[in-house]
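To start, the structure under review is shown below, and the notes come after it.
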Amino acid sequence: MEPAATQKDRRAREILDAVVIRFAGDSGDGMQLTGNQFTQSTALMGNDLATFPDFPAEIRAPAGTTYGVSGFQVHFAAHDVRTPGDTPDALVAMNPAALKVHLPDLRQGGLLLLNVGAFTTTNLNKAGYETDPLEDPQLDAYRVLRIDINKLTAAAVKDFGLSAKQAARCKNMWTLGLVFWLYDRNCETTFEFLSQKFRSQPVIAEANIAAVKAGHAFGETAEMPSGIGAYQVPPADLPPGTYRNIQGNDATAWGIVAGARLAGLPVVYGSYPITPASSLLHALAKLKHFDVTTFQAEDEIAACCAAIGASFGGALGVTATSGPGLALKGEALGLAIATELPLVVIDVQRGGPSTGLPTKTEQSDLMMAIWGRNGDAPMPVLAARTPSDCFDVAIEAVRIATRYMTPVMLLTDGYLANGSEPWKLPEVDQLEPFPVRFREDPEGYHPFLRDEKTLARPWVRPGTDGMAHRIGGLEKHHDSGNISYDPSNHLKMSQIRAERVARIANDLPLQKIEVGEEEGTLLVVSWGSTYGAVRQAVRVLAGEGCSIGHTHLRYLNPLPQGLGELLGRFERVIVPEKNQGQLVHHLRAQFSIELESYARPTGAPFRIVELETVFRSRLEPS
Amino acid sequence: MEPAATQKDRRAREILDAVVIRFAGDSGDGMQLTGNQFTQSTALMGNDLATFPDFPAEIRAPAGTTYGVSGFQVHFAAHDVRTPGDTPDALVAMNPAALKVHLPDLRQGGLLLLNVGAFTTTNLNKAGYETDPLEDPQLDAYRVLRIDINKLTAAAVKDFGLSAKQAARCKNMWTLGLVFWLYDRNCETTFEFLSQKFRSQPVIAEANIAAVKAGHAFGETAEMPSGIGAYQVPPADLPPGTYRNIQGNDATAWGIVAGARLAGLPVVYGSYPITPASSLLHALAKLKHFDVTTFQAEDEIAACCAAIGASFGGALGVTATSGPGLALKGEALGLAIATELPLVVIDVQRGGPSTGLPTKTEQSDLMMAIWGRNGDAPMPVLAARTPSDCFDVAIEAVRIATRYMTPVMLLTDGYLANGSEPWKLPEVDQLEPFPVRFREDPEGYHPFLRDEKTLARPWVRPGTDGMAHRIGGLEKHHDSGNISYDPSNHLKMSQIRAERVARIANDLPLQKIEVGEEEGTLLVVSWGSTYGAVRQAVRVLAGEGCSIGHTHLRYLNPLPQGLGELLGRFERVIVPEKNQGQLVHHLRAQFSIELESYARPTGAPFRIVELETVFRSRLEPS
Amino acid sequence: MSDSSTTRSKFSKADYASDQDVRWCPGCGDYAILASVQRTLPELGVSPSQTVFVSGIGCAARFPYYMNTYGFHTIHGRAPAVATGLKLANPEVSVWVVTGDGDALSIGGNHLLHTLRRNVDLNILLFNNRIYGLTKGQYSPTSLIGQVTPSTPLGSVDMPVSPLRLALGAGGRFVARGYDVSKRLPELLKEAHAHVGASFVEILQNCPVFNDGAWSDVTDRKRAAESQLWLESGQPMRFGPNREKGIRLRNAQLEVVTIGRDAEESEVLVHDEQNIGVAFLLAGLGDPIAFGVLYRDPAPAYDAAVRAQNSSAVARAGVGDLHALLHSGHTWTVE
Amino acid sequence: MSDSSTTRSKFSKADYASDQDVRWCPGCGDYAILASVQRTLPELGVSPSQTVFVSGIGCAARFPYYMNTYGFHTIHGRAPAVATGLKLANPEVSVWVVTGDGDALSIGGNHLLHTLRRNVDLNILLFNNRIYGLTKGQYSPTSLIGQVTPSTPLGSVDMPVSPLRLALGAGGRFVARGYDVSKRLPELLKEAHAHVGASFVEILQNCPVFNDGAWSDVTDRKRAAESQLWLESGQPMRFGPNREKGIRLRNAQLEVVTIGRDAEESEVLVHDEQNIGVAFLLAGLGDPIAFGVLYRDPAPAYDAAVRAQNSSAVARAGVGDLHALLHSGHTWTVE
Ligand SMILES: Cc1ncc(C[n+]2csc(CCOP(=O)(O)OP(=O)(O)O)c2C)c(N)n1
Ligand SMILES: Cc1ncc(C[n+]2csc(CCOP(=O)(O)OP(=O)(O)O)c2C)c(N)n1
Ligand code: SF4
Ligand code: SF4
Ligand SMILES: [Mg+2]
Ligand SMILES: [Mg+2]
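Protein chains in written order, with our numbering: chain A, 1 to 622; chain B, 1 to 622; chain C, 1 to 335; chain D, 1 to 335.
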């Protein structure tokens, strides 16, 4: 692939190992789109990367206000990348509000690209600036590029006969063009994208393309202030294969589809929209030709119940939501547990309690996932670690649900759901199938007969001849399936329900060290989306020769075999979490061992340096 | 009080220390009423006692079937009584089905009173007997009294001109009369009760009274088979005071009313009927003149939300349910937590998961009570130990809710709800008031200002002049109460929410040993309704000189101070529970100490002997 | 054990009865409904194995256990949602929902209304005994004002809801009423089954234990001719011991008239099952009470529309190819 | 800061506006509704401190933050239940519920219907933009068949529900309709406030971001005279640029007629707010759409009946005596 920059430019380009850029502007400025286009091009150029969009809870708050600011951060490098980056190296601020909100995060000496055309008195007022920030000596700490993007964009598209409003909408593309030039990215994917997106309005497409080109040309030709050069980030040395960029919710959706294929089942997906889970519904609604039925239910309870009904009917019932919705599904999940039907329940966690922080990420539904139902109602709980891992964990959830005839909880979160990373695509035909065999033989059948090994009961599709049976939420006799209120039977059934979930551990890989030492001073135990930051922090410290190891849990219930032994191999154990210490509580209850909690529910992901500092302090003799 | 038995009888009476009687018959036979009348009379005669009704899940299953059998057990003694008794000393079986279901529980040599008039072929068939149980040599193990109660009742009431059906309905009263005679009880309370109950049908009242008298006279005059005598159970040596018999749900209802009085608040009680919580609604609906508004909502969510709305409005919002309903309230409880409103949530636990065993008792909602909400959403959790303790714990729940501006969970269960015991009535005017002071001063007010000590926010009654404010489920700034998505603020608010609940522990009594040794070999930790059986088992063993102690938790979250220290004073700790080991899990997570679980979710309460055996085995050197 | 139509062409009532003892109270109206259902199903040409009964919680909701068909006794109020999922997953089976006035109208009101408006192909039977039977007699959303129950010791102050008006308001397209011991119930069940889409049948039911005689004014044999208005499509709305009474429409209001005295025979309203305005008025009629099919106006069922859309997606895009899906959009290769 | 009527007898619009920035999208119909509400409240004679706004979740549900009254932003769909509890606890305050088509009709449908049938004294404003705004544009229970949204890429197949028909079916006793930028909205708000019991007002609202123009056929100024039928109690139902059109009732169906051409002036239906049959038909009218009060038939409010019952309990038994309660029934004394 031929980089877009000319020979002349490339000579001058400074080679960087890694860059973190944040695009920030008004909700209406199209920053998510700009970020995504930058990501797309960067991925195609062979860098490893990770992204993190950060949008306001309001749909489109009044233009120019600080709470209307929308951001998109991308971290790309010539090596492998695990997080969207701690602090941006470059900040693009399309208006004063964006500057106000995001400047505190920009690293000292970072590149600051300001659209000075938007720094009008009105906008300064709306952003709550009392004095002009452009005059503020504070800016001297950064390498500032002041450009009237509004004006230059208008000029670039003036020949297309657009309205002023339409023309103004091209300014994100002008900016993108310039940033493409700054980091030596290829513009082609964006040109294609624009042509496609505006295929019914070719003039708009052309104007936008012209804007990208103008921005790019501006970089090539304009005199840059001192300290601002052109950069290059060479491709990373990634394992060979075909890659794509993927967001977590898309990966989960595709994993469900893949899992259902491997099981040989159609999918019935029942869901009620809720941030940040809604895009799962959107993704699956596009896959009707994959034997996927999507049902937008009247609420989360109906969504879950419809999925249960579908599983009873012989399909793979799937339901997804976020915390407030999961809190509503507890009773229905109890029914799935009592009737021993397969079901996949996805919780894309967000900040709580209650409505909390709907667009922010958190890991605070773990205990609810494990315990949030009446009675002794155990179910397996899994969690994904990166956007692309959502694909694998979703398949695993389908496998466990159908093999053990149980609902399975899959936890992801807002950070995974909206974040993206390059994904080395698996070979679809090399995925291990786990076909479901419905029982069709009436001989000796009753609905709560069990497989000796898995303790799973037989699954019968209604409509099957001669197999009519009734199930329900009342306790049933272990040996006939009929309703039973007998004390010793209830004890036995309670134990079987627990044992069936416990036995899944036999079927799971042994818990291992991810990175760092196999034994020593400090073990870091993580779960879910903190994986990247924790791993990176441990890698840095291990690289420095510290006695530190990292283990990461995909399986939260049952806990994997080997974990207890692993915990015992280190002097200290720390559990960093984006909640008030839920996993650490769960582990303490399982293992009589001292565990330290590092609990930080902030709504924002961990920064690597923060974790480095914490871990380092635990490594020092105290 | 003059015992009803004549001088002649009393001479012959055998003095017993304690007796357990179980009345069993068809749902239509009036066994609950019979049991309650026996209890009432026994209470008035100064015995300590405990009762346990056990009715079928079906409203009134077809007559004569085993699943239609209804039972009522009463344990009364000349000493203090902690449980309704393990195994009956006497069983009254009104029909074959009752015999079939309950005979296995009767102790060897126990008294068996059989209504042979009901042992018709039809009834034997309905009960599933293939041969006549009256001929079964198995009965030789008991002292059997065979009486055709049907016939004798008909004779007793023949002068009242009742229909055959009406006459037959008197047979429970005939039986009660006989049992009154057997155990030297006074009939007067029952005469009063019958006159009152049938005041609009005086003939029915008189016929029933005649039946009681006839049964009693039968005992006095008829020749009893050998081995069957007349008994006497002298009054127990109870602390002086005025007593009444009380069921758990009534005690809870009255405790809520008392708590609201002490706080100076009206009550708004929102509830949706569910076994075994419904009788709370029934009790409170009768107390409208106590400034109690009851609202039978369309579902549990509305019930909880209405209670929250009422608390926002300046009343004490209360909601009650059982497990399936609590599973539905999780999201709403999160709102109460996020908005920091007082609320009392009562969960009368029953067997789960799902619909489970609706009429059976269990302790399996503990973890859901602690964790069953999205996000980090802590709330205090209390549990009552005996029927009368429900009164005290309900008051305590109101106190904590209003003092700390928090929802409070109060756990009871089916066993407490329907069980009864004599209750030494508290002096109402000696209960400590804890009046709520609504904030009315607008100066410096914002809704999330906090009391330094309790961290409680001010409570403002809508309608108060100049104090208009908005609250909601989104995260708010700790310093203004305005919506805030700021990361460090969310961390701070999460910590405050946790701290506010944790600080309640400062306000609680130190955890103590209930009975037995203060330190030593085995500590038994219990919570909730297993109190009586555990305490009794420990008392027996401690009486034998075993090194055993018992501590009982009223406060499950936060755990009381002193508990950790207490656990450390014993070599072994065992936690018996009517679930799969939930408290033990919770304790393990808090204390790095080995704890043994004795987990028996059977739907039935513990027997003292069962616990004795288990504890004894843990005391032996292994 | 096989019951497929190839091996056996006809079923009898016994084929639909399960081996479980029926556990309702003696005299409960549910027995009669069960008998009607078991009597009717053999005539529908659907085998027991092709039939599913889904219920919530309540006395009524025990129904599936007594049917030798597939059955799902779910949780309180949620049967319509479970049944919707079942129908989406398994369109071939014939799905019946059995529910009570508490189950369907109190906790489950929302699912009922959405199932009706979506027009999912289900037969919904609501056993209305105007009481919560299973929880021992609290008032329900159909109980009358003033009703004394354990939760309303001074009488209920809640306005009752009319199940049929609610169903019409929600957009239900088959709305009918019968009662437990009615001989015409099987007929209604057949109509409900024949209707494609959501069929909603309110069945007035006596609970002799907690609300005995709640409907006796209407169902009492002696008064039946006076108190029951049985609707027949295309027929004038007449009733009375000698069919001497009729219903007249005036000013968008229904009036009871005595033919020959207050009105001409020709003034009596002729039942048009598609007239929703009249159906709404009929649903609210108190004396007489309207029975039969009040409203029937078929439209495509939701589940069929969903399937059609799924098929059209396949027709447009081919059967989904997982490899192609993963490789869609921008990909790149590292060598 | 005091606003009691003793210190200040009149309030202005500004007294009802909070200090929070309004965070709806530019052009959102919610702005106009907010302005109407803030303009109307001062005329009701209820002080800001005596007014409470309760909402669920959604764009519409942000409403309370913008009002300088008491406010409670609750959880999705549950505002009617919260408001019911509030009203039971605190009868003096005037309670408004603000909700969206998703909040009220999807997740919250059951609470809405029960609040209406119980007739709780609340003013319920449903902002119907036929879309889920806050979650970025999925279809809602009022979206039209065929609507393409992120969750229905091939078009919705769900039959929409009519909020007003649903309200009537549920037993609502004040059922009205307006639209966001209508000048007559304040008038409707006043009527709703004046009605004792549950007042239900559907307000057609434009969401320019996710469902722009959903109502423009109806609300467009140029077509307004043709497309809007404003109802006035006791007045003939006329509309059209020159009021030349009217509504005629025939066979319990509504027909649009041109006066003088298809019908006499006298044949035009006169609006009777208590005629529920006509109200049900008006609720379903598509072109023109009926605005104003479709149905108003007051009955005692639930909360008032509850209070009356509580008072009668006190009158009968005296103010509850805790000591007496504990000592009621059988007690005995141990000395
Ligand atoms: C979530 C939940 N809430 C409450 C209950 C208790 N409950 C069971 S059945 C029922 C109402 C039954 O009334 P209805 O639906 O009219 O049926 P019926 O018994 O009268 O046939 C209630 C409240 C429950 N099982 N689950
Ligand atoms: C329990 C729960 N489920 C889902 C959501 C997500 N959610 C928030 S608002 C909304 C729908 C909003 O639509 P509508 O009520 O029409 O209001 P609008 O935004 O259009 O004004 C949804 C699904 C939530 N907050 N809580
Ligand atoms: S309680 Fe009523 S509805 Fe329930 S089974 Fe008994 S009679 Fe039937
Ligand atoms: S998304 Fe629509 S309804 Fe929501 S604020 Fe924006 S314009 Fe208004
Ligand atoms: Mg009922
Ligand atoms: Mg909407």
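Idealized CB from N, CA, C, for every residue including glycine.
Predicted model, so just to flag it, every value in this text is computed and none were measured.
6 Å CB neighbourhood of residue i in its chain, flanking five on each side removed
i                : result
Asp178 (chain B) : Residue identity check: residue 178 (chain B) is Leu in the sequence provided, not Asp. Closer than 6 Å at Cβ, skipping near neighbours: Gly215, Phe218 and Gly219.
Val54 (chain C)  : Phe72, Ala79, Val82, Ala83 and Val97
Asp297 (chain C) : Arg173 and Gln274
Ile628 (chain A) : Outside the displayed span of chain A (1 to 622) sits residue 628 (chain A), for which this structure offers no information.
Alpha-carbon to alpha-carbon, residue j and residue i
i                : j                : result
Lys578 (chain A) : Glu421 (chain A) : 21 Å
Tyr272 (chain A) : Tyr132 (chain D) : 11 Å
His550 (chain B) : Ile504 (chain B) : 24 Å
Phe38 (chain A)  : Glu14 (chain A)  : 19 Å
Gln363 (chain A) : Tyr70 (chain D)  : 33 Å
Leu566 (chain B) : Leu287 (chain A) : 59 Å
Gly155 (chain C) : Asn128 (chain C) : 19 Å
Beta-carbon contacts of residue i that lie in its chain and below 7 Å, excluding the five residues immediately before and after
i                : result
Trp215 (chain C) : Tyr179, Leu204 and Asn206
Ala279 (chain D) : Leu168, Val175, Leu294 and Tyr295
Close-in-space but distant-in-sequence residues of the same chain around residue i (CB under 8 Å, 5 per side omitted)
i                : result
Leu105 (chain C) : Leu112, Leu126, Ser140, Pro141, Thr142, Val161, Pro163 and Leu166
Arg244 (chain A) : Ala43, Pro422, Trp423 and Leu425
Pro337 (chain A) : First, the residue type needs correcting, since residue 337 (chain A) is Ile and not Pro in the sequence shown. Only Arg373, Ala377, Pro378, Met379, Thr406, Pro407 and Arg497 meet the Cβ criterion.
Local conformation of residue i per DSSP, three classes
i                : result
Pro605 (chain B) : coil
Lys100 (chain B) : helix
Arg616 (chain A) : helix
Cys390 (chain A) : helix
Thr454 (chain B) : coil
Asn206 (chain C) : coil
Beta-bridge pairing of residue i - partner residues as DSSP gives them
i                : result
Pro422 (chain B) : B:Asn245
Ala17 (chain D)  : D:Met67
### Query
Three or more beta-carbon pairs under 8 Å between the segment 77-88 of chain A and the segment 588-608 of chain A, yes or no?
Yes: at least three Cβ pairs fall under 8 Å.
### Stretch pair the segment 248-267 of chain A + the segment 276-285 of chain A: three plus CB contacts closer than 8 Å
yes
### Query
Any contact of the segment 134-143 of chain B with the segment 170-184 of chain B, i.e. 3+ C-beta pairs under 8 Å?
no
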